[in-house]
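Those letters in the sequence shown? Residues 1 to 280, by UniProt numbering.
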Amino acid sequence: MPRDFRAWREHRKEKSAEGVGNWRAPKKWARAEKAEDWRKKELERLNCTKYHYLKFVERQKVERRMKTCKKQLSVALEKGQEEEAETLRRTLRQHLADHEYIRHYPKHLPYNALFPATDSEASQKRREEIRKMIREQLEKEGVPSALPDVLADEATPATPKAKSSDQGAKKVATSTELVEEKPKKGKKRKNADVQQVKVEEAEPSAPKASKKRKSAQEDEGLKGQTAELPPTVKKSKVPKKKVKLPELPAAEGLQPKEEIPSVSKKSKATKKKGRVLKEE
């Protein structure tokens, strides 16, 4: 027996020896597990498309509430209202739990809305069960918090001292950036700028005329130019005269056309009647 075949048989025996007493699981169980996995993936795909918009709307609603709660909490801490701050912390924890519920909801299960129009006891119990499932799953995975890093940082409200220090750091950074961005001027350019400033100081600039004055001055200048022009340049209006054409002499051998008398309609009618009578 070759070595490769022997090693393959030993490896197969080790694989088949599962459980107590070298018991081997039947193949139909493996097929059932594969079918279950496929069904679960198909349900996840369908639920993802079905409940995507509902999850999006509820997530936006919860995030908006979280932001308002954080602002109120920071104001309460600045004023020194400890009781109000404690109640706001509790509401903030509830909003964080809602955000966790939406983000880590099991995909293969139909989504149970957080803010339904009519809430029943069965839906409330179902919601609590799913919250427990989510927490257990996160503990198994070893996830410290179900929220993103940005929201986790925002959850801890900053004190006024920390804010002032942050503002000072921002101001220092902006000042350094402005200093670095300034372009360096050459010697020639500096000298030219100094001379220009001196000339401006020596000759004070005249007050700027308004647009109406400028337009009036331009109109007066144009009128003066037209008055100074010589008479030859000016356009003279020549009256138009009607020119009569001379009568041409009549050619030899040609007689002028005789005027044909106009025949009335009645005479034509009488002629037609006469012709009809003659034919008869």
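The beta carbon of each residue, even a glycine, is placed where N, CA and C say it ideally should be.
1) Along the alpha helix (DSSP H) that carries Lys61, what are the first and last residues, could you check?
2) Taking the CB atoms as reference points, tell me whether Leu73 and Asp98 lie closer together than 9 Å.
3) Would you give the residue range spanned by the alpha helix (DSSP H) that Thr118 belongs to?
4) Between Thr87, Arg90 and Arg103, which lies nearest to Val57 when the distance is taken from Cα to Cα?
5) Can you say whether Tyr53 is buried or exposed, counting buried as having 16 or more other CB atoms within 10 angstroms of its CB?
6) Excluding the 5 residues flanking Glu84 on each side, which residues of the same chain have their C-beta closer than 7 Å to its C-beta?
7) What did DSSP end up calling Asp153 once you bin it into helix, strand or coil?
8) Is the number of C-beta pairs between the region 104-112 and the region 44-51 that are closer than 8 Å three or more?
9) Would you kindly check if the distance between the Cβ of Tyr101 and the Cβ of Arg131 is under 9 Å?
10) Excluding the five sequence neighbours on either side, which residues of its own chain have a C-beta within less than 7 Å of the C-beta of Glu129, listed in chain order?
11) Would you kindly check if the distance between the Cβ of Asn112 and the Cβ of Arg126 is under 9 Å?
12) On the DSSP letters alone, give me the boundaries of the alpha helix (DSSP H) that Leu92 sits inside.
13) Which of the three DSSP states is assigned to Leu109 in this structure?
14) Under 9 Å between the Cβ atoms of Leu96 and Met133?
15) Let's test the definition: count the other Cβ atoms within 10 Å of the Cβ of Lys70 and tell me whether it reaches 16, buried, or not, exposed.
16) For Val62, is the classification buried or exposed, using 16 other Cβ atoms within 10 angstroms of its Cβ as the cut-off for buried?
17) Give every residue of the same chain whose Cβ lies closer than 7 Å to the Cβ of Ala122, excluding the five residues on either side of it in the sequence, and list them in chain order.
18) Quick check: Leu109 and Leu43, are their CB atoms within less than 9 Å of each other?
19) In three-state DSSP terms, what is Glu36?
20) Applying the 10 Å Cβ sphere with the 16-neighbour rule, what's the burial state of Leu277?
Per the coordinate set shown:
1) From DSSP, the alpha helix (DSSP H) with Lys61 extends over His52 to Lys79.
2) Against a cut-off of 9 Å, the Cβ pair of Asp98 and Leu73 comes out as no contact.
3) Counting along the chain, Thr118 falls outside any alpha helix (DSSP H), and DSSP gives it neither H nor E.
4) Looking only at Thr87, Arg90 and Arg103, the smallest Cα-Cα distance to Val57 is reached by Arg103.
5) The residue is exposed, with fewer than 16 neighbouring Cβ atoms inside 10 Å.
6) Hits under 7 Å: Ala76.
7) Caution applies to Asp153, whose pLDDT of 46 falls short of 50 and renders its modelled position unreliable; the model cannot decide the point.
8) These segments touch.
9) Taking 9 Å as the Cβ cut-off, Arg131 and Tyr101 qualify as a contacting pair.
10) Correct list: empty, nothing qualifies.
11) Closer than 9 Å, so yes.
12) Residues Glu82 to Arg103.
13) Leu109 falls in the coil class under three-state DSSP.
14) For the pair Leu96 and Met133, the CB atoms are not nearer than the 9 Å cut-off.
15) Buried.
16) Val62 should be labelled buried.
17) Within the same chain, and ignoring the five residues on either side of Ala122 in sequence, no residue has its Cβ closer than 7 Å to its Cβ.
18) Contact: yes.
19) Reduced to three states, the DSSP call for Glu36 is helix.
20) Per the 10 Å Cβ criterion, exposed.
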